[in-house]
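One structure is given below, encoded as structure tokens.
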């Protein structure tokens, strides 16, 4: 405790030091401020409520969301249909010559689709109360049921990850939790991604979990999740993992951060190569092939330039449509966070932390 504070508590009448004393106490409180501790029971209650709210939104997405991208149909649903039913179209990106798509990513969804298809073919013919069930009806339902099963599985995973992040934000401050939850539940972008069968959806879910465990201080898990998002999902999502890596580097140092990344990277890369090599018939690493094709194209009209390039303003328009005012708030979130943590403009009580937490939650949402 500063000596000035001791003098004031003993009843000193030194008015000249009052302003300095308050400044010293305020700086000390600001430096030592920590989020108010919450019990595990409160955390579980908050998580359940957040999960139920998000589950309603994600199930609505699973039942009503359109297939917005042709890649979802031809690069993922068709190959998955082939794996489940033995029939399906093959795009050039799945051809062994290119090998741009990961079969390990498809395998994660195959684990959901195949049992559901098998269950339909076994159970549906034995429904004696429905004598009109024939082979065509069984085949139709065996194809339709896995479609919704995969969507529901993605919706559940998305709701779980988003609820975890909203709960951690609320542990920092209730306003931060509400801003995060509202952005996740009601934004158009989250509605679209919450049930889409795309690598970017997988990467988004895993990176959301990584952000959640980063707030908890579990940096090893966060780095491992980031590696999974990049290798098994969408390699370009690695840009979103950079802040998590920087936080880990600051908290744990260079050596531990390197181990946190290298060990899961080795496991994920070897797993991906083994799966792709088996499916493509030759040694293949689809993540590297995708990066090489898009970032280092062999011609001027290939790679990212194959279908044209949008101007930079496209990102502003797209993010505004998907996230509305949250996108513009996210742009100023770093400035608000710096102001809230500064000695001149910030406050020593929870208000400064509230502004910082809210800004961070808005940027994440």
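Numbering (our numbering), first residue to last: 999 to 1363.
Virtual Cβ for every residue (Gly too), placed ideally from N, Cα, C.
Predicted model, so just to flag it, every value in this text is computed and none were measured.
Check                                                                                                                              : Outcome
Beta-carbon gap between residue 1193 and residue 1152 smaller than 8 Å                                                             : yes
Between the CA atoms of residue 1225 and residue 1270 - distance to the nearest angstrom                                           : 12 Å
Separation of residue 1119 from residue 1089, as counted between CA atoms                                                          : 28 Å
Of the residues 1048, 1063, 1240, 1103, the one placed nearest residue 1285, counting alpha carbons only                           : 1103
Short Cβ contact (8 Å threshold) for residue 1204 with residue 1231                                                                : yes
Three-state class that DSSP yields for residue 1026 in the structure shown                                                         : With a pLDDT of 48 at residue 1026, under the threshold of 50, the modelled position of that residue is not reliable, and no figure is offered here.
Chain-order list of residues whose beta-carbon lies under 6 Å from that of residue 1199 (same chain, five-residue window excluded) : 1191
The segment 1143 to 1160 / the segment 1044 to 1054 touching (three or more Cβ pairs under 8 Å)                                    : yes
Nearest neighbour of residue 1275, chosen from 1099, 1317, 1171, 1237 [CA to CA]                                                   : 1099
Residue 1254 - DSSP class collapsed to helix/strand/coil                                                                           : helix
Distance, residue 1189 Cα to residue 1056 Cα                                                                                       : 7 Å
Limits of the unbroken alpha helix (DSSP H) element including residue 1279                                                         : Here residue 1279 belongs to no alpha helix (DSSP H), and DSSP marks it neither H nor E.
Opening and closing residue of the alpha helix (DSSP H) in which residue 1096 lies                                                 : Careful: residue 1096 lies outside any alpha helix (DSSP H) and carries neither H nor E.
Contact set for residue 1072: own chain, Cβ-Cβ below 7 Å, skip 5 residues either direction                                         : 1087, 1089
Three-state secondary structure assigned by DSSP to residue 1216                                                                   : coil
Spatial neighbours of residue 958 in its chain, beta-carbon cut-off 6 Å, leaving aside the 5 residues before and after             : Since the first residue of the chain shown is 999 and the last is 1363, residue 958 is not available in this structure.
CB of residue 1121 within 8 Å of CB of residue 1147, strictly                                                                      : no
Alpha carbon of residue 1290 to alpha carbon of residue 1046, nearest angstrom                                                     : 42 Å
Spatial distance of residue 1217 from residue 1227 (CA atoms)                                                                      : 15 Å
Close Cβ partners of residue 1222 (< 6 Å) along its chain, the five nearest in sequence each way excluded                          : 1262
Cβ-Cβ separation, residue 1187 to residue 1412 (assumed contact under 8 Å), whole Å                                                : This structure gives no information on residue 1412, because the portion of the chain shown stretches from 999 to 1363.
Proximal residues to residue 1082 (C-beta, below 8 Å), its chain only, five neighbours per side dropped                            : 1108, 1111, 1112, 1115, 1144
Local conformation of residue 1001 per DSSP, three classes                                                                         : No answer about residue 1001 holds up, because its pLDDT of 44 lies below 50 and its placement is not dependable.
Same chain only: Cβ atoms within 7 Å of residue 1183, ignoring 5 sequence neighbours per side                                      : 1051, 1052, 1055
Proximity of residue 1058 and residue 1149 at Cβ, strictly below 8 Å                                                               : no
Per-residue DSSP class, three states only, for residue 1064                                                                        : coil
Assigned exposure category for residue 1280 - 16 Cβ within 10 Å defines buried                                                     : exposed
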